[in-house]
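Trainee: This is the structure I have questions about; it appears just below.
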Amino acid sequence: MGVYRGNEALVALPFPGSPAAVAALEALAAMGGRVFIVVGRIGAIHPRLNIGDVLIPIWGLREEGASFHYISDPDYIPAPDTELAEALYKRAVVLKGRRRISIIKGGIWTTDAIFRETIDKIVEYLSKNIYGVDLESTALMTVTDYRGVRLAIISSVSDKLQHDGRWIRGFQSRRLKATEKLITQVALDVLAEVKI
289 MGVYRGNEAL VALPFPGSPA AVAALEALAA MGGRVFIVVG RIGAIHPRLN IGDVLIPIWG
349 LREEGASFHY ISDPDYIPAP DTELAEALYK RAVVLKGRRR ISIIKGGIWT TDAIFRETID
409 KIVEYLSKNI YGVDLESTAL MTVTDYRGVR LAIISSVSDK LQHDGRWIRG FQSRRLKATE
469 KLITQVALDV LAEVKI
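Residue numbers in the sequence shown follow our numbering, run continuously in steps of one, and reach 484 at the last position.
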């Protein structure tokens, strides 16, 4: 807990995966949290994204279990707070300056089955305009919708799943670390400007 540019802010680091992320979000909301910005990592499935690029999810495809305990409708499409997501995008574009990174708004696929992002699913979901995969985003967007609080997500690409089955890993790359610093600054700046 601290103060950033005159606003109280809390930084939390839950364990990975939808159940742990949802548990942390529920606790923070119960303590009075109303605006959440998640800074995360994703695996890219779209050719336009490479290690160190940025995805701001604007909708999601649910293949995790936690969110269905909040909104069970199979046709429900999770989405972030539109105003927060747009603010993240605009601030990221400004702060990136001349850095050669892509900043994209698009779909995210969330799954609980790590290492089961099969090639057939990647091809199918790419055709639906999904750019990346993670373990938490759709659950978090669903819970904040259900709870009536605000949330947006900004993620850096840490690895990439190719359509030929290759897995490109960039977890320790300088490019990824630089992008993570950038998106953390973006998140703090946007939080400082939010009207609660």
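Cβ atoms here follow ideal geometry from the backbone N, Cα and C, with glycine treated the same way.
1) Would Ser415 pass as a contact of Gly348 if the rule is Cβ separation under 8 Å?
2) Where do the N-terminal and C-terminal ends of the beta strand (DSSP E) with Leu316 fall, by residue?
3) Using a Cβ distance threshold of 8 Å, determine whether the segment 351–361 contacts the segment 466–476, with at least three qualifying pairs required.
4) Alpha carbon to alpha carbon, how far is Gln450 from Lys393?
5) Is the beta carbon of Thr432 closer than 8 Å to that of Leu439?
6) Would you please state the rounded distance, in angstroms, between the beta carbons of Lys483 and Gly331? I believe it to be under 8 Å.
7) Please report the straight-line C-alpha distance between Val411 and Tyr292, rounded to a whole angstrom.
8) Take Pro307 and list the residues in its own chain whose beta-carbon comes closer than 7 Å to its own, dropping the five residues that flank it on each side.
9) For Thr398, report the span of its beta strand (DSSP E) as first-last.
Mentor: Considering the structure as presented:
1) Position 127 of the sequence shown, counting from 1, holds the residue named residue 415. Position 60 of the sequence shown, counting from 1, holds the residue named residue 348. Contact check for Ser415 against Gly348 fails: the beta carbons are separated by 8 Å or more.
2) By 1-based counting over the sequence shown, the position of residue 316 is 28. In the DSSP annotation of this structure, Leu316 is not part of any beta strand (DSSP E); the continuous alpha helix (DSSP H) holding it starts and ends at 306–318.
3) Touching, no.
4) On the sequence shown, residue 450 is found 162 positions in, with the first residue counted as 1. On the sequence shown, residue 393 is found 105 positions in, with the first residue counted as 1. Computed Cα separation, rounded: 20 Å.
5) By 1-based counting over the sequence shown, the position of residue 439 is 151. By 1-based counting over the sequence shown, the position of residue 432 is 144. Yes, they are a contact pair.
6) As a first step, residue 483 is located in the sequence shown; it is residue number 195 there, counting from the start. As a first step, residue 331 is located in the sequence shown; it is residue number 43 there, counting from the start. That belief does not hold up - the Cβ atoms of Lys483 and Gly331 are roughly 34 Å apart, past 8 Å.
7) Within the sequence shown, numbered from 1, the residue matching residue 411 stands at position 123. Within the sequence shown, numbered from 1, the residue matching residue 292 stands at position 4. Rounded to the nearest angstrom, the two C-alpha atoms are 42 Å apart.
8) In the sequence shown, the residue the question calls residue 307 occupies position 19. When the five nearest sequence neighbours on each side are left out, the beta carbons in the same chain lying within less than 7 Å of the beta carbon of Pro307 are those of Ala354, in order along the chain.
9) Here residue 398 is taken as the residue at index 110 of the sequence shown, counted from 1. Note, Thr398: beta strand (DSSP E), 391–399.
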